[in-house]
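Trainee:
In the working numbering, the protein residues as written are 11 to 252.
(1) Does the structure place the region 206-221 close enough to the region 181-197 that three or more beta carbon pairs sit under 8 Å?
(2) Along the alpha helix (DSSP H) that carries residue 193, what are the first and last residues, could you check?
(3) Tell me where the alpha helix (DSSP H) around residue 122 begins and ends.
(4) DSSP on residue 48, reduced to helix/strand/coil?
(5) Considering Cα atoms alone, identify which of 174, 167, 43 is closest to residue 147.
(6) Could you tell me how far apart the beta carbons of residue 184 and residue 199 are, in whole angstroms, since I believe they sit closer than 8 Å?
(7) Comparing alpha-carbon positions, which option in 14, 155, 46 lies nearest residue 56?
(8) Taking 8 Å as the CB-CB limit, is residue 213 close to chain D?
(9) Using a Cβ-Cβ cut-off of 6 Å (strictly less than) and excluding sequence neighbours within five positions of residue 211, which residues of its own chain qualify?
(10) With distances taken from CA atoms, which of 25, 102, 108, 166 is nearest residue 64?
(11) Using the three-state DSSP reduction, which class does residue 212 fall into: helix, strand or coil?
(12) Using a 10 Å radius around the Cβ and a threshold of 16 neighbouring Cβ atoms, would you call residue 36 buried or exposed?
(13) Excluding five sequence neighbours on each side, which residues of the same chain lie with their C-beta closer than 6 Å to the C-beta of residue 58?
(14) In the DSSP assignment, the alpha helix (DSSP H) including residue 61 goes from what residue to what residue?
Here it is in structure tokens:
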């Protein structure tokens with residue numbers, strides 16, 4: 011049986027309810043159906059508020075806090091096929107929560123590895139994200155990343171830009187974290203008009219490029235190593251690579 015859900019966390023919890031309480035035996039889980047022909051039965055799981063709240067309450071009651079955080083972290087790895095492993099992981103936890111730390115279980119090992127990969131991406135984005143000053147003095151950063159890291163970046167920069175308004179915008183996911191004064195929120199952005207830069211921003215960017223060029227030792231330029239250290243996916247919005 012193939013299960014379909016709407017790609018939301020609430021939708022996935024609704025799916026867990028259907029699997030756990032109706033004894034479904036899925037062979038795969040998809041957000042959207044693939045192009046290839048599927049001969050298995052297909053069941054479309056609708057997001058149900060009552061059902062997903064029951065599952066969330068059960069997880070909060072039975073699982074340690076760090077396990078719920080891990081489940082949420084895995085859901086940020088949206089470019090990976092994690093659903094079957096995460097379903098197995100949660101069902102395993104309902105049977106025996108102690109087993110969720112047993113890396114001999116394939117789902118535990120896989121999700122631990124995926125979470126580590128997520129935080130490697132987050133750590134890289136701390137260094138590779140570039141903010142631009144806008145006309146109103148606020149800071150704006152665009153990014154494209156393998157995983158959904160906006161929440162983690164927002165948490166990081168809230169501590170560092172405590173008195174500064176800023177926006178972190180994930181272009182591909184149409185998601186933005188917006189901080190204005192003491193108000194901040196994570197919002198879906200269906201349409202976003204490119205903001206105007208401040209008069210000083212071009213000057214800042216030229217200075218940064220000049221510094222980047224000035225510290226470069228031409229005899230030691232190694233494009234292959236540079237690509238390993240700063241993969242192309244991170245360079246799109248990095249000032250020094252414009």
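Virtual Cβ for every residue (Gly too), placed ideally from N, Cα, C.
Mentor: This is what the structure gives:
(1) no
(2) For the purposes of this step, residue 193 is identified with residue 183 of the chain shown, where counting begins at 1. Segment 193-198 is the beta strand (DSSP E) holding residue 193; no alpha helix (DSSP H) there.
(3) What you label residue 122 is simply residue 112 of the chain shown in a count that begins at 1. Start and end: 116-138.
(4) Within the chain shown, numbered from 1, the residue matching residue 48 stands at position 38. Residue 48 sits in coil when the DSSP states are folded into three classes, being neither helix nor strand.
(5) Here residue 147 refers to the residue found at position 137 when the chain shown is read from its first residue. Out of 174, 167, 43, 174 has the C-alpha closest to the C-alpha of residue 147.
(6) In the chain shown, residue 184 corresponds to position 174, counting from 1. In the chain shown, residue 199 corresponds to position 189, counting from 1. Rounded, the Cβ-Cβ distance is 5 Å, consistent with contact.
(7) Walking along the chain shown from the start, residue 56 turns up at place 46. Nearest C-alpha to residue 56: 14.
(8) Here there is only one protein chain, and chain D is not present.
(9) If you number the chain shown from 1, residue 211 lands on position 201. Here the set comprises 142, 143.
(10) Locating residue 64 in the chain shown gives position 54, counting from the first residue. Looking at the Cα atoms, 25 is the closest of the given residues.
(11) For the purposes of this step, residue 212 is taken as the residue at position 202 of the chain shown. In this structure, residue 212 counts as helix in the three-state DSSP scheme.
(12) For the purposes of this step, residue 36 is taken as residue 26 along the chain shown, with counting starting at 1. By the neighbour-count rule (16 or more Cβ atoms within 10 Å), residue 36 is buried.
(13) Looking up residue 58 in the chain shown gives position 48. Hits under 6 Å: 24.
(14) Start at 1 with the first residue of the chain shown, and residue 61 comes out as number 51. Residues 59-72.
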